[in-house]
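Put into structure tokens, the structure is as follows:
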């Protein structure tokens with residue numbers, strides 16, 4: 001326990017530093033953006049409209065999503081996620097990951113904190129990859145627009161191929177990560193022996 | 195207009211889920227609720243700067259790079275090299291999917307190949323160059339690189355298959 005405490009504190013200090021750095025970078029980028037817009041006043045209207053629209057779209061879901069992540073981490077037992085999305089969840093786990101990702105929610109970059117919460121609760125890597133990829137490219141309302149503009153044949157074929165390759169990708173990445181992690185453990189052991 | 199309603203409906207459903215779960219949590223266990231909200235706030239503070247940066251980047255990308263330039267470049271690409279070029283463009287650019295489909299349709303009408311158009315819309319959604327910093331921070335180096343690398347390779351394979359079949 002005595003050994004664990006300073007490690008934990010080190011971790012905390014590291015996290016705080018990373019957070020501070022993120023906010024400093026954000027501030028710097030805002031300043032640079034303002035200067036660029038000042039130099040190109042004819043572009044500023046379209047840039048600001050796009051950014052404003054995205055900001056509004058996000059700010060109405062972000063707090064709710066964060067609360068869901070918080071509630072999820074406290075209320076959902078680890079065994080539940082392990083059972084449905086973990087090592088032995090099989091095809092059912094794959095299907096659940098797809099459905100979770102396909103739900104109409106928001107842009108890809110808010111899927112990552114959710115994916116981390118699932119990973120921490122014991123979901124397996126292939127399912128996390130499937131969840132993120134489905135979130136990225138197979139959104140339900142979006143597919144209706146694709147049918148409308150590109151036709152049903154194009155859409156179904158592209159969708160079918162995407163699903164096949166996303167599953168394949170999930171399993172390949174899982175195997176690769178497991179492989180490298182096993183190697184790392186071996187390396188650690190040999191180091192310890194010395 | 196319909197897009198407006200769609201995004202509000204989505205937001206309303208997500209907020210409703212969060213609110214009802216929160217109420218359930220408050221009724222059942224105050225201590226657990228406090229803990230959840232603490233985690234929520236922490237996650238929010240951690241994610242916010244990256245999201246703001248991404249929103250600024252998207253604004254500049256769409257504001258400085260008009261659609262007709264993008265269509266012109268993609269429309270000119272042919273063959274397997276064209277697929278590669280459009281796949282790279284799709285990975286780097288950030289265009290909302292709802293805009294990318296009508297854009298893709300107009301490209302097809304203008305004579306672009308099915309392969310390049312498929313490569314463009316598949317990489318556009320699958321790979322996020324703009325969102326890479328967030329993915330790296332949250333998911334770690336290994337998973338991020340592997341996901342985007344395989345996403346890119348598979349997007350090209352998907353486009354080639356589409357081109358052969360259609």
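Protein chains in written order, with my numbering: chain A, 1 to 194; chain B, 195 to 360.
Positions of the beta carbon are idealized from the N, C-alpha and C atoms, including for glycine.
Bear in mind that the values here come from a model prediction, so they are computed numbers and not experimental data.
Proximity test, Cβ basis, 9 Å: residue i and chain C
i                      : result
residue 154 of chain A : Checking the listed chains, one finds no chain C in this structure; the protein chains it contains are A and B.
Per-residue burial, residue i [other beta carbons within 10 Å of its own, 16 or more giving buried]
i                      : result
residue 205 of chain B : buried
residue 358 of chain B : exposed
residue 197 of chain A : Lying outside 1 to 194, the shown extent of chain A, residue 197 of chain A is not represented and no answer is given.
residue 21 of chain A  : exposed
residue 341 of chain B : buried
residue 34 of chain A  : exposed
residue 27 of chain A  : exposed
residue 259 of chain B : exposed
residue 107 of chain A : buried
residue 214 of chain B : exposed
residue 179 of chain A : exposed
residue 47 of chain A  : buried
residue 350 of chain B : buried
residue 81 of chain A  : buried
residue 237 of chain B : buried
residue 16 of chain A  : exposed
residue 174 of chain A : buried
residue 202 of chain B : exposed
residue 49 of chain A  : exposed
residue 270 of chain A : This structure cannot settle anything about residue 270 of chain A, because the visible part of chain A is limited to 1 through 194.
residue 161 of chain A : buried
residue 165 of chain A : buried
residue 72 of chain A  : buried
residue 267 of chain B : exposed
residue 18 of chain A  : exposed
residue 327 of chain B : buried
residue 306 of chain B : buried
residue 158 of chain A : buried
residue 123 of chain A : buried
residue 218 of chain B : exposed
residue 11 of chain A  : exposed
Residue i, DSSP secondary structure in three states
i                      : result
residue 303 of chain B : helix
residue 295 of chain B : helix
residue 270 of chain B : coil
residue 151 of chain A : coil
residue 234 of chain B : helix
residue 385 of chain B : Past the boundaries of the shown model lies residue 385 of chain B; chain B is included only from 195 to 360, so the question cannot be answered.
residue 106 of chain A : coil
residue 325 of chain B : coil
residue 259 of chain B : coil
residue 121 of chain A : coil
residue 217 of chain B : helix
residue 288 of chain B : coil
residue 223 of chain B : coil
residue 139 of chain A : coil
residue 253 of chain B : helix
residue 210 of chain B : helix
residue 334 of chain B : coil
residue 157 of chain A : helix
residue 360 of chain B : coil
Are there three or more Cβ pairs, one per stretch, closer than 8 Å when the segment 237 to 250 of chain B is compared with the segment 274 to 285 of chain B?
no
Every unbroken alpha helix (DSSP H) inside the segment 39 to 63 of chain A [4 residues or more]
41 to 59
For the segment 291 to 300 of chain B against the segment 310 to 320 of chain B, are there 3 or more C-beta pairs whose distance is under 8 Å?
yes
Please confirm if the segment 316 to 326 of chain B is in contact with the segment 130 to 138 of chain A, defined as three or more CB-CB distances below 8 Å between the two stretches.
yes
Output, in sequence order along the chain, the residues in the segment 292 to 305 of chain B whose CB is closer than 7 Å to any CB in chain A.
292, 295, 296, 298 and 299
Using a Cβ-Cβ cutoff of 9 Å, what residues of the segment 201 to 213 of chain B are near chain A? List them in chain order.
201, 202, 203, 204, 205, 206, 207, 208, 209, 210, 211, 212 and 213
Any chance the segment 264 to 274 of chain B sits against the segment 219 to 234 of chain B, with 3 or more Cβ pairs inside 8 Å?
no
Where the segment 212 to 226 of chain B meets chain A: residues whose CB sits under 8 Å from a CB there:
212, 213, 215, 216, 219 and 226
Stretch-stretch touch, CB-based, cutoff 8 Å, three pairs: the segment 341 to 356 of chain B with the segment 114 to 127 of chain A:
no
Threshold first: 4 residues or longer. Then list the alpha helix (DSSP H) segments lying entirely within the segment 71 to 101 of chain A, N to C.
78 to 85
Does the contact criterion of 3 or more C-beta pairs under 8 Å hold for the segment 93 to 101 of chain A versus the segment 58 to 66 of chain A?
no
Does the segment 34 to 46 of chain A touch the segment 246 to 260 of chain B, meaning 3 or more C-beta pairs lie closer than 8 Å?
yes
Is the number of C-beta pairs between the segment 100 to 115 of chain A and the segment 326 to 333 of chain B that are closer than 8 Å three or more?
yes
Please list the residues of the segment 133 to 165 of chain A that have a C-beta atom closer than 8 Å to any C-beta atom in chain B, keeping them in chain order.
133, 136, 137, 139, 141, 142, 145, 146, 148, 149, 150, 153, 154, 157, 158, 161, 162 and 165
Given a limit of 7 Å on CB to CB distance, which residues of the segment 92 to 125 of chain A reach chain B?
104, 105, 108, 109, 112, 113, 115 and 116
Contact list for the segment 328 to 340 of chain B against chain A, Cβ threshold 9 Å
328, 329, 331, 332, 333, 336, 337 and 340
The segment 274 to 289 of chain B: positions lying closer than 7 Å to chain A by Cβ
none
Taking only beta carbons into account, state which residues of the segment 54 to 65 of chain A come closer than 8 Å to chain B, listed in chain order.
54, 55, 57, 58, 60, 61, 62, 63, 64 and 65
Between the segment 234 to 246 of chain B and chain A, which residues of the former have a C-beta closer than 9 Å to a C-beta of the latter?
234, 235, 236, 237, 238, 239, 240, 241, 242, 243, 244, 245 and 246
Give the residues from the segment 249 to 272 of chain B that approach chain A closer than 7 Å (Cβ to any Cβ), ordered along the chain.
249, 250, 252, 253, 254, 256, 257 and 258
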